[in-house]
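For what it's worth, my numbering labels the leading residue of the sequence shown as 1, then goes sequentially.
Data block below; observations after.
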Amino acid sequence: QVQLVESGGGLVQAGGSLRLSCAASGTIFSMNFMGWYRQAPGKQRELVAGITSAGSTNYGESVKGRFTISRDNAKNTVYLQMNSLKPEDTAVYYCNYISFSLENYWGQGTQVTVSS
């Protein structure tokens, strides 16, 4: 079992920045994928950014150049630095962990609200 605890969400004005953190605990395998997804009201959950344990990253098109994902493997923690935030970034952000055996876990979600 893996537990994911997210933090760092909140209310910010357009153009501002926020940093999300997600700490994983439990049975953590060295090879894994961690990422951030988001879901706005009435919309499907979408990938924001992901990073493998080797450091390879991928980003959703709408956040490229504004968001940066990083991780600290020693702390089993993944971060999402969000800059130049827009009202359309408003959503619940979920942390995701996938082990090498494809076990899939989700955090409880953290609200990000960007005011115009």
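All C-beta atoms, glycine included, are put in the ideal place defined by N, C-alpha and C.
Less than 8 Å between the beta carbons of Leu-47 and Tyr-93, yes or no?
Tyr-93 sits away from Leu-47, with the two beta carbons spaced by 8 Å or more.
Candidates Tyr-97, Asn-104, Glu-103 and Ser-116: which alpha carbon is nearest Ala-23's?
Looking at the Cα atoms, Tyr-97 is the closest of the given residues.
Given this structure, state the Cα-to-Cα distance separating Thr-110 from Gln-13, to the nearest angstrom.
The alpha-carbon separation between Thr-110 and Gln-13 amounts to approximately 17 Å.
Buried or exposed by the 16-neighbour rule on C-beta atoms within 10 Å, applied to Phe-100
Classification of Phe-100: exposed, given that the 10 Å Cβ count is below 16.
Buried or exposed: where does Asp-72 fall if 16 or more other Cβ atoms within 10 Å of its Cβ makes it buried?
Label assigned to Asp-72: exposed.
Opening and closing residue of the beta strand (DSSP E) in which Met-82 lies
Per DSSP, the continuous beta strand (DSSP E) segment holding Met-82 begins and ends at 77 to 82.
Determine the direct distance from the alpha carbon of Gly-42 to that of Trp-51, and round the result to whole angstroms.
Checking the displayed sequence, the identity of residue 51 turns out to be Ile instead of Trp. When rounded, the separation of the alpha-carbon atoms in Ile-51 and Gly-42 is 27 Å.
What ranges does the beta strand (DSSP E) occupy inside the region 51 to 102, keeping only unbroken runs of at least 3 residues that lie completely in it?
Runs of the beta strand (DSSP E) inside the region 51 to 102: 57 to 59, 67 to 72, 77 to 82 and 91 to 99.
Per-residue burial, Gly-15 [other beta carbons within 10 Å of its own, 16 or more giving buried]
Per the 10 Å Cβ criterion, exposed.
Please state whether the Cβ-Cβ distance between Tyr-59 and Phe-67 is less than 8 Å.
Yes, the pair counts as a contact, with Cβ atoms nearer than the cut-off.
Tell whether a beta-carbon distance below 8 Å holds between Ala-54 and Ala-91.
No.
Work out the CA separation of Ile-69 and Gln-3 for me, nearest whole Å.
Going from the Cα of Gln-3 to the Cα of Ile-69 covers about 19 Å.
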